[in-house]
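Accompanying notes for the structure given below.
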Amino acid sequence: MVNRQWVQVALLGVLLLPCVPLAAQLDSTFVETFGNFSRINGGLRYRDNSAVFSVADQEQLYFTNRSLDLRLGGRYKWLGYTFSIPVSDLGTGSDLGDAKSLGVNLQVYRDKVYGNLNVRRTTGFERDMVGEEPVFQKDIRFINALLYGFRILNSNRFSLRSSFRVRNRQLKSAGSLLVGGAVARQVLTADSLRLPLRDVGSTDINRFAQTKVGAGVGYAYTFIFGRFWFVTPLVIAGPELRFIDYDPLGSDREIERVRLSARVRSRLAFGANGHKVYASIIAAYLPSIDESDSFDTRVSETQLELVIGRRLGVDK
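Below you can see the structure in the form of structure tokens.
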């Protein structure tokens, strides 16, 4: 275990080197900047977290947790802030029980780099197994942590935060290659949870853990239509090392062999970005489809966010 941990740490350090901030000079004919102008914004964010453990289509265990939040935020000088208020009366949770979710999402948008730390702990999942009635297990706890970032190579003419943060304003269509890396940690615990196993049938566990370290190369491009409208698709893909272990009830920890797989991440933003007023819809899809010796796992997070805001103090 010690050797595996040192491998993970060393790989993380190497893969996140491309995310070290460097100075960049923006081309003002392509990107309009607003400095530290204050702004106010609000909107809605929908999140769908799911996890599937399967051996075949007829043998699978499915967990889901959904949420809808009202978000209010803004910026005053150098300080940015956002408040999320859960919306509980739109039926986004399970009909069988109440789930609880607590998380933190830190994002750094710079002209040349992007970094993201997302940690979320969810307690209580709807358990849906083929051939059985759905039940709600409040003892299931799932921690999903992801740290990733990438460098924007054409940062003088392409602004990522014009689309996904609406901090700047892209004036002409442009794109950029992206290079970066990521590390993820997923831990599922429960008092007792029965999982399907390949060639064995099933087993009861109280813990499943997976660590992933990967690198990626991608591309993002902003299409400008008219004076204000924009569409920005982003895709980044690359290899990933996975370290998996789980604890069967009453037995020693099972450690799987290290696996290598491909990983794809995608994001999309579109909307209108005016000099004073802006509105955008931002979508992120972070899938994870993994094959192991004992069973297959699929963990995914889908986010859809509506942002409407106004810049204060601009002169046009």
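In my numbering, the protein residues as written are 444 to 759. Virtual Cβ for every residue (Gly too), placed ideally from N, Cα, C.
Classification of residue i by the beta-carbon crowding that lies within 10 angstroms, buried from 16 upward
i, result
"residue 556", "buried"
"residue 638", "buried"
"residue 576", "exposed"
"residue 665", "buried"
"residue 465", "Interpretation of residue 465 is limited by its pLDDT of 48, a score under 50 that renders its predicted location unreliable; the figure taken from the coordinates is listed afterwards. Exposed is the call here."
"residue 561", "buried"
"residue 595", "buried"
"residue 484", "buried"
"residue 809", "The structure shown does not extend to residue 809, since the chain is modelled only from 444 to 759, so the question has no answer here."
"residue 668", "exposed"
"residue 574", "exposed"
"residue 693", "exposed"
Sub-8 Å separation of residue i and residue j beta-carbons
i, j, result
"residue 514", "residue 486", "yes"
"residue 526", "residue 617", "no"
"residue 490", "residue 746", "yes"
"residue 593", "residue 623", "yes"
"residue 598", "residue 554", "yes"
"residue 713", "residue 689", "no"
"residue 754", "residue 477", "yes"
"residue 586", "residue 564", "yes"
"residue 663", "residue 723", "no"
"residue 732", "residue 708", "no"
"residue 741", "residue 495", "yes"
Beta-ladder partner(s) of residue i, from DSSP
i, result
"residue 705", "682"
"residue 529", "512"
"residue 747", "489 and 726"
"residue 674", "666 and 713"
"residue 690", "650"
"residue 740", "496 and 733"
Same chain only: Cβ atoms within 8 Å of residue i, ignoring 5 sequence neighbours per side
i, result
"residue 756", "480 and 481"
"residue 691", "646, 647, 648 and 697"
"residue 552", "603, 604, 607, 608 and 610"
"residue 671", "715, 716 and 717"
"residue 734", "702 and 704"
"residue 543", "565, 566 and 567"
Sequence-distant residues of its chain with Cβ nearer than 7 Å to residue i (five each side left out)
i, result
"residue 681", "657, 658, 659, 660 and 706"
"residue 519", "481"
"residue 628", "588 and 654"
"residue 728", "709 and 745"
"residue 673", "606, 613, 665, 666, 667, 713, 714 and 716"
Neighbourhood of residue i by C-beta distance below 6 Å, restricted to the same chain and skipping five residues each side
i, result
"residue 584", "566 and 632"
"residue 711", "676 and 726"
"residue 730", "743"
"residue 512", "488, 527 and 529"
"residue 683", "655, 657, 704 and 706"
"residue 516", "484, 524 and 525"
"residue 570", "578 and 580"
"residue 750", "484, 486 and 723"
"residue 550", "559"
"residue 687", "653, 699 and 735"
"residue 630", "586 and 652"
Chain D contact for residue i (CB, 8 Å cutoff)
i, result
"residue 715", "No chain D appears in this structure, which consists of one protein chain only."
Exercise. Mind pulling the alpha helix (DSSP H) runs of 4 or more residues that sit fully within the region 536-593?
Worked result: none
Complete beta strand (DSSP E) runs within the region 590-648 (minimum length 3 residues, chain order)
617-640
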